[in-house]
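*Asks:*
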Amino acid sequence: MTTPDAWSPAQYERFKAQRSQPFADLLARLPSCAGRVGLDLGCGTGELTRIAHDRLGLQRTLGVDRSAAMLEQAEAFTGPGLTFERRDIESFLLDSPGRFGLVLSNAALQWLPDHPTLFPRVTSLLGEDGVLAVQIPANHDHISHVLAAQLAAEPEFASVIGGWTRQSPVLALERYAELLYGAGLRELDVWCQVYLHELPNWRAVVEWVKGTLLTAYQERMPAALFERFLELYTQRLEFFCEDTSPFLYPFKRFLMVGRQA
17 MTTPDAWSPA QYERFKAQRS QPFADLLARL PSCAGRVGLD LGCGTGELTR IAHDRLGLQR
77 TLGVDRSAAM LEQAEAFTGP GLTFERRDIE SFLLDSPGRF GLVLSNAALQ WLPDHPTLFP
137 RVTSLLGEDG VLAVQIPANH DHISHVLAAQ LAAEPEFASV IGGWTRQSPV LALERYAELL
197 YGAGLRELDV WCQVYLHELP NWRAVVEWVK GTLLTAYQER MPAALFERFL ELYTQRLEFF
257 CEDTSPFLYP FKRFLMVGRQ A
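Just so you know, the sequence shown maps onto residues 17 to 277 in this note's numbering.
Structural data, given as structure tokens:
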């Protein structure tokens with residue numbers, strides 16, 4: 017089923033600094049990639065792809081993303097050696113144009129299922145001595161995520177979206193180490209980082225998830241029903257949140273770096 021594109025660059029980038037920090041932490045762990053050909057799976061607006069391309073001294077870089085809205089923004093970051101293509105990651109993996117010296121993916125692979133199969137497929141894109149750098153959110157057990165799935169399962173919404181709920185495919189951290197090692201990667205660095213975001217208040221959490229998690233529900237609902245969903249979600253989230261300012265929103269992420277042996 018083809019679903020509408022609910023991704024909004026403006027909504028996503030309301031928390032630009034907070035969302036960019038894990039990417040910066042990932043780049044800081046990378047070995048030299050100068051002169052290599054790079055690939056960014058799920059490049060979004062392309063701004064971070066541009067940063068990686070320039071900072072790492074890549075010869076050529078391709079960014080792919082399925083969102084037309086995001087790639088409209090990416091046009092501003094195209095330049096010598098840096099191009100973008102509208103593709104979903106799964107189809108790209110099926111007919112990739114070649115091997116890459118760097119495969120980068122920042123906050124994208126969590127949208128795809130079956131990680132025990134997915135991650136070896138991603139590493140298969142690496143050429144000899146190629147570098148993998150991945151960051152995935154792992155905050156699926158936080159109440160902000162749990163509530164969305166619980167609400168979507170209620171009859172008012174389940175009857176429209178066919179009982180679908182967003183189920184995270186994210187595995188235990190050590191399982192990623194095993195998968196990447198089994199796929200031939202060495203010099204592995206796999207770690208968990210909890211980012212402590214100080215937001216203006218608990219309502220800002222709603223704005224945060226509107227830019228990411230809730231897009232999956234928005235794409236599947238008529239506009240009026242999604243507004244109802246958002247209203248109930250906000251009411252229920254308030255019950256679990258302290259009315260403080262700033263409001264602490266801890267966000268767990270998994271980061272992975274390795275080199276193909």
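We put the CB at the ideal spot given by N, CA and C, even for glycine.
On a predicted model such as this, the values are computed, not experimentally measured, just so you know.
Please report the Cβ distance between leucine 271 and glutamine 126, rounded to the nearest whole angstrom; I am assuming they are in contact, meaning their Cβ atoms lie under 8 Å.
*Replies:* Their Cβ separation, rounded to whole angstroms, is 13 Å, which puts leucine 271 and glutamine 126 out of contact at 8 Å.
*Asks:* For glycine 79, is the classification buried or exposed, using 16 other Cβ atoms within 10 angstroms of its Cβ as the cut-off for buried?
*Replies:* So glycine 79 counts as buried.
*Asks:* At the 7 Å Cβ level, is cysteine 208 part of the contact set with chain C, yes or no?
*Replies:* The question asks about chain C, but that chain is absent: this structure has only one protein chain.
*Asks:* Skipping 5 residues on each side, what residues in its chain have a beta carbon closer than 7 Å to that of leucine 134?
*Replies:* Once the five neighbours on either side are set aside, the close Cβ partners of leucine 134 are Leu125, Leu128.
*Asks:* Using the beta-carbon count (16 or more within 10 Å), is glutamine 166 buried or exposed?
*Replies:* Exposed: under 16 other Cβ atoms inside 10 Å.
*Asks:* Taking 8 Å as the threshold, find out whether the stretch 154-165 comes into contact with the stretch 86-96 through three or more Cβ pairs.
*Replies:* They do not touch, by the three-pair rule.
*Asks:* Is the separation between the beta-carbon of threonine 61 and that of histidine 69 shorter than 7 Å?
*Replies:* The answer is no: Cβ separation not under 7 Å.
*Asks:* Considering Cα atoms alone, identify which of Asn122, Glu258, Pro185, Gln37 is closest to arginine 219.
*Replies:* It is Glu258.
*Asks:* I'd like the list of long-range same chain contacts for alanine 277, defined as Cβ closer than 6 Å, with 5 residues on each side in sequence excluded.
*Replies:* Closer than 6 Å at the Cβ level, and outside the excluded window around alanine 277, lie Gly200, Arg202.
*Asks:* Tell me which residues share the same chain as glutamine 34 and place their Cβ nearer than 6 Å to its Cβ, disregarding the 5 neighbours each side in the sequence.
*Replies:* The answer, listed in chain order, is His213.
*Asks:* If you measure between the beta carbons of leucine 196 and glycine 274, is that distance less than 7 Å?
*Replies:* Yes, these two residues count as a Cβ contact at 7 Å.
*Asks:* Just the C-alpha distance for proline 38 and histidine 161, rounded to the nearest angstrom, thanks.
*Replies:* Computed Cα separation, rounded: 19 Å.
*Asks:* Who pairs with aspartate 111 in a beta bridge, going by DSSP?
*Replies:* Paired residue(s): none; aspartate 111 is not in a bridge.
*Asks:* At which residues does the beta strand (DSSP E) containing histidine 213 begin and terminate?
*Replies:* Here the beta strand (DSSP E) through histidine 213 covers 201-215.
*Asks:* What does the alpha-carbon distance come out to for the pair asparagine 217 and phenylalanine 31?
*Replies:* Whole-angstrom Cα-Cα distance: 13 Å.
*Asks:* On the CB-based measure, 16 or more other CB atoms within 10 Å of its CB, does leucine 57 come out buried or exposed?
*Replies:* Flag for leucine 57 reads buried.
*Asks:* Pop quiz: leucine 55 and valine 119 are said to be a contact at Cβ under 8 Å. What is the actual Cβ separation, rounded to whole angstroms?
*Replies:* So it is a contact: roughly 5 Å between Cβ atoms.
*Asks:* Short of 6 Å in beta carbon distance, which residues of its chain neighbour glutamate 88, apart from the five on each side in sequence? Order them along the chain.
*Replies:* For glutamate 88, where only same-chain residues beyond five positions count, there are no Cβ hits under 6 Å.
*Asks:* Decide if leucine 110 is buried, meaning its Cβ has at least 16 other Cβ atoms within 10 Å, or exposed.
*Replies:* Counting Cβ neighbours within 10 Å, leucine 110 comes out exposed, since fewer than 16 surround it.
*Asks:* Assuming proline 71 and aspartate 205 form a contact by the criterion Cβ under 8 Å, report the distance between their Cβ atoms to the nearest whole angstrom.
*Replies:* One point to set straight first is that residue 71 is arginine, not proline, in the sequence displayed. Not really, about 18 Å apart at Cβ, beyond 8 Å.
*Asks:* Taking only the alpha-carbon atoms, compute the straight-line gap between threonine 65 and cysteine 59 and give it to the nearest angstrom.
*Replies:* Each residue's alpha carbon lies about 6 Å from the other.
*Asks:* Using the C-alpha atoms, what's the distance from threonine 99 back to leucine 43?
*Replies:* Each residue's Cα considered, the two are about 20 Å apart.
*Asks:* Can you give me the C-alpha to C-alpha distance between serine 48 and phenylalanine 116, rounded to a whole angstrom?
*Replies:* Cα to Cα, serine 48 sits roughly 14 Å from phenylalanine 116.
*Asks:* What are the boundary residues of the alpha helix (DSSP H) that glycine 79 is part of?
*Replies:* Counting along the chain, glycine 79 falls outside any alpha helix (DSSP H), though it belongs to the beta strand (DSSP E) covering 76-81.
*Asks:* Does the Cβ of glutamine 234 have 16 or more other Cβ atoms within 10 Å, making it buried, or fewer, making it exposed?
*Replies:* Result: buried.
*Asks:* Below 6 Å CB to CB, which residues in the same chain sit around serine 107 once its five sequence neighbours on both sides are set aside?
*Replies:* There are no such residues.
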